[in-house]
Amino acid sequence: MAVEAPPTPAATAAPPRRRKIPPAVLLIAPSVIFMALLLGWPVVQGVLQAFRDDQGFTLEFVTRMVQDPYFWPAVRNTLLLIVVMIPLQFALAIAMALMLRSNPRLHKVHFFVWAIPLALSDLAAGLVWLAIFNDRGYLNSVLSWFGLQGTSWLAYDNQTSMFICVLIAELWRATSLVLIIVVAGLQGIPKDYDEAAQVFGAAFWQRLRHVTLPLLKPSLQVALILRTILAFQTFAVAQALTGQNFPLVVGETYRWYTGLQNPNVAAALALVILVVSMLTSIFYLRALRDQNQGGLR
Amino acid sequence: MADIQISNLVKTYPGGSERATDDVSLSIRDGEFTVLLGPSGCGKTTLLRMIAGLELPDSGSISIGGRDVTYLPPNKRNLSMVFQSYAVFPHRKVRYNIGFGLKMAKVPADEIERKVQWAADLLQLGPYLDRLPANLSGGQRQRVAVARAIVMDADVLLMDEPLSNLDALLRLTFRSELKKIVQDLGTTTVYVTHDQSEALSLGDQVAVMRKGRIAQLGDPLDVYDAPADRFVGGFIGSPPMNFLDAAVSHDGGTLVLGEQQLMAPSILRSFAGKDVLLGVRAENVAVNSTRSSGDVAATVLVVEPMGSTTLLTVEVDGHPLKVQAPPTFKTAPHRTVWLGFAPNTMRVYDRETSMALEAS
């Protein structure tokens, strides 16, 4: 073994110029690569597909998408569904979670039953509701049993009842996701806050408004973002119940891709959903951000 | 402000087999500071929560100021409370937290502002009114919890181990501050603690609880000097009361400890010949290095200088005993010391029931 030479002044003053990759970069590299391959690349592909043909950049596909007679009804239906469904879902989920919190008899059974739709595929859920709402379905059978005349709930010319059917099926299917997030959030709030509010004279609605909901805000934010993004993607339930009669944006994407064999317009539609989802997420994050720095701990 | 009458309160938690409170009756006068003291699981917190309305009893009744509140919800009882965990709302600033109860009661905003300012001044929270609780220390959060409780003109102030999350030094300083604040307010107060020194220092009356029952209720010094049973004597005091097996002589005039004898308190004349338990506090035993008449010989086991006193663990007739000597007292393990017992400080208990013996 050679005796270690004392460091020369030159060596300490000017370290070798070899560029070393900082450890931080190495540490995040796997996830960056992963994200780039699985998320970034498809997005780039989608954008290219929507805006490029053999000659290069084009707006042809976007124009075709917008001029399609189903496009604006699909947009309208999707937005309408979101605007009506999300508040209903949150009201229901919060009410159900508060009921569960009061520990009624068999509350664990209730929770499991309420969570079942989460385990069901959305197409299966759509088919279940189709069995209820179709002309000879359970609903009309029950009505006739009571001596009432049923109607064609899913008739192509009855937009209102179609909307209500899709709404009910989606409420049933997707409220459990919100419920689970809200229940988890409620469990994270120490009981003391609610008890303190009770002792200091707050009635139920006051406690809900001034204590429970504000403390639940982080969970509600997560649930809102998830639910809204998923609601933009509502597809299988509406497809099973109404087919083409009640168009939604994702349904249109599917139709362009498989039925009309036009992946370019389908990509343009998918981009619309992506952009709208991103904008909504940013909106929620900003709107529900803690006004006070430091935030909840 | 109001008095509290609790009668025959029974509570069993669902799924529990033992009663959390077992037929508890307690009377608290208007403006009195009552401490519920006991080890964990003794039912003291359950009792407090039933007064607050956060738990409902199986049977019995609670009335506050002559009004039966047994099954009223908490928000209809006109209470205020300091929680062990403080329960200061984390999403609101200190100002809002202190004024919360007043806001719920729809008190006009300028009045809320005035009272919040008053409470903040009293608890030295002035500079922190616009902070969030997350940016306060534990002691400051505790002050917010107390301020929130005292701004209410509540009939009853409830406190659930409010000092137990503070460090030792802060606990001591805040304890006397709290006592002064509550004294000045004059509100009827129920205070739960497992810390016997807090109980003695704060309470007008102390209820020592054990297994859902009140083992002794009385003035703090009475509870300290004359514990009603072995449990109370062993729970209160640091070090706890010493208990020694002894026998009353046949003429009732002396207590026999193994082969040694000492003067018996006069109440023992009616218990001649009986085996008893002698209870004596460490500071009531005189320790001497020379023998005087009536003294009992003891062997020193451990010497613990505490600064203001020296705590000795000695052995008398095979039983360990803790006694206090002045800090100047010099001794060492294995030496013999002489212990003098004053008859009027000795307490005598029944060996079977552990209850204090009284002259019959």
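As given, the protein sequences belong to chains A and B, one line each in that order. Mind the numbering: the first sequence is residues 1 to 297 in UniProt numbering, read in order. Mind the numbering: the second sequence is residues 1 to 360 in UniProt numbering, read in order. Glycine included, each C-beta is placed from N, C-alpha and C at the ideal position.
Residue i - containing beta strand (DSSP E), residue span
i                      : result
residue 319 of chain B : 319-325
residue 210 of chain B : 205-210
residue 81 of chain B  : 79-82
residue 256 of chain A : Neither: residue 256 of chain A is in no beta strand (DSSP E) and is coded neither H nor E.
residue 298 of chain A : In this structure chain A extends from 1 to 297, so residue 298 of chain A is not present and cannot be described.
residue 144 of chain B : First-last for residue 144 of chain B: 138-150, but that is the alpha helix (DSSP H), not the beta strand (DSSP E).
residue 159 of chain B : 156-160
Reduced DSSP secondary structure (H/G/I, E/B, other) of residue i
i                      : result
residue 11 of chain B  : strand
residue 294 of chain A : Reliability of the predicted coordinates at residue 294 of chain A is poor, the pLDDT of 41 falling under 50, and the value obtained from them is presented with this limitation in mind. Here residue 294 of chain A sits in coil by DSSP.
residue 153 of chain A : coil
residue 67 of chain A  : helix
residue 29 of chain A  : helix
residue 224 of chain B : helix
residue 19 of chain A  : coil
residue 23 of chain B  : strand
residue 114 of chain B : helix
residue 259 of chain B : coil
residue 281 of chain B : coil
residue 344 of chain B : helix
residue 315 of chain B : strand
Any chain B beta carbon closer than 9 angstroms to residue i
i                      : result
residue 214 of chain A : yes
residue 289 of chain A : no
residue 210 of chain A : yes
residue 196 of chain A : yes
residue 316 of chain A : Since the displayed chain A opens at 1 and closes at 297, residue 316 of chain A lies outside it and no answer follows.
residue 188 of chain A : no
residue 254 of chain A : no
residue 199 of chain A : yes
residue 257 of chain A : no
residue 202 of chain A : yes
Cα-Cα separation between residue i and residue j, rounded to whole angstroms
i                      : j                      : result
residue 352 of chain B : residue 77 of chain B  : 44 angstroms
residue 280 of chain A : residue 216 of chain A : 20 angstroms
residue 213 of chain A : residue 145 of chain B : 21 angstroms
residue 298 of chain B : residue 179 of chain B : 41 angstroms
residue 277 of chain A : residue 222 of chain A : 14 angstroms
residue 26 of chain B  : residue 33 of chain B  : 13 angstroms
residue 337 of chain B : residue 300 of chain B : 7 angstroms
residue 137 of chain B : residue 287 of chain A : 30 angstroms
residue 39 of chain B  : residue 223 of chain B : 16 angstroms
residue 31 of chain B  : residue 208 of chain A : 34 angstroms
residue 15 of chain B  : residue 318 of chain B : 45 angstroms
residue 198 of chain B : residue 26 of chain A  : 57 angstroms
residue 215 of chain B : residue 73 of chain B  : 29 angstroms
residue 37 of chain B  : residue 196 of chain B : 7 angstroms
residue 158 of chain A : residue 265 of chain A : 28 angstroms
residue 308 of chain B : residue 327 of chain B : 6 angstroms
Closer than 9 angstroms to chain A by CB, residue i
i                      : result
residue 158 of chain B : yes
residue 54 of chain B  : yes
residue 138 of chain B : no
residue 75 of chain B  : yes
residue 109 of chain B : no
residue 78 of chain B  : yes
residue 101 of chain B : yes
residue 164 of chain B : no
residue 90 of chain B  : yes
Residue range of the unbroken alpha helix (DSSP H) whose run includes residue i
i                      : result
residue 304 of chain B : Taken as a continuous stretch (DSSP letters only), residue 304 of chain B belongs to no alpha helix (DSSP H), being part of the beta strand (DSSP E) at 296-305.
residue 104 of chain B : 94-104
residue 265 of chain A : 263-287
residue 138 of chain A : 138-145
residue 230 of chain B : 230-235
residue 170 of chain A : 159-187
residue 126 of chain A : 122-133
residue 168 of chain B : 168-185
residue 239 of chain A : 236-242
residue 229 of chain A : 213-232
residue 201 of chain B : 196-202
residue 204 of chain A : 204-207
Flag this pair as touching only if the region 122-136 of chain B and the region 152-163 of chain B have three or more C-beta atom pairs under 8 angstroms; answer yes or no. no
Answer yes if the region 88-106 of chain B comes into contact with the region 230-249 of chain A, meaning at least three C-beta pairs across the two stretches below 8 angstroms, and no otherwise. no
Could you tell me whether the region 173-185 of chain A touches the region 112-132 of chain A, using the rule of 3 or more Cβ pairs below 8 angstroms? With a cut-off of 8 angstroms, the region 112-132 of chain A and the region 173-185 of chain A count as touching, because enough Cβ pairs lie within range.
Contact between the region 151-169 of chain A and the region 40-53 of chain B is defined here as three or more beta-carbon pairs at a separation below 8 angstroms; is this criterion met? no
With a threshold of 8 angstroms, are at least 3 pairs of Cβ atoms found where one atom belongs to the region 280-299 of chain B and the other to the region 323-342 of chain B? yes
Taking contact to mean 3 or more Cβ pairs, one atom from each stretch, closer than 8 angstroms, check whether the region 77-93 of chain B and the region 244-253 of chain B are in contact. no
Evaluate contact between the region 24-39 of chain A and the region 250-266 of chain A, counting only Cβ atoms and requiring at least three cross-stretch pairs below 8 angstroms. No: fewer than three Cβ pairs fall under 8 angstroms.
Taking contact to mean 3 or more Cβ pairs, one atom from each stretch, closer than 8 angstroms, check whether the region 150-157 of chain A and the region 191-204 of chain A are in contact. Output reads no: the region 191-204 of chain A does not touch the region 150-157 of chain A.
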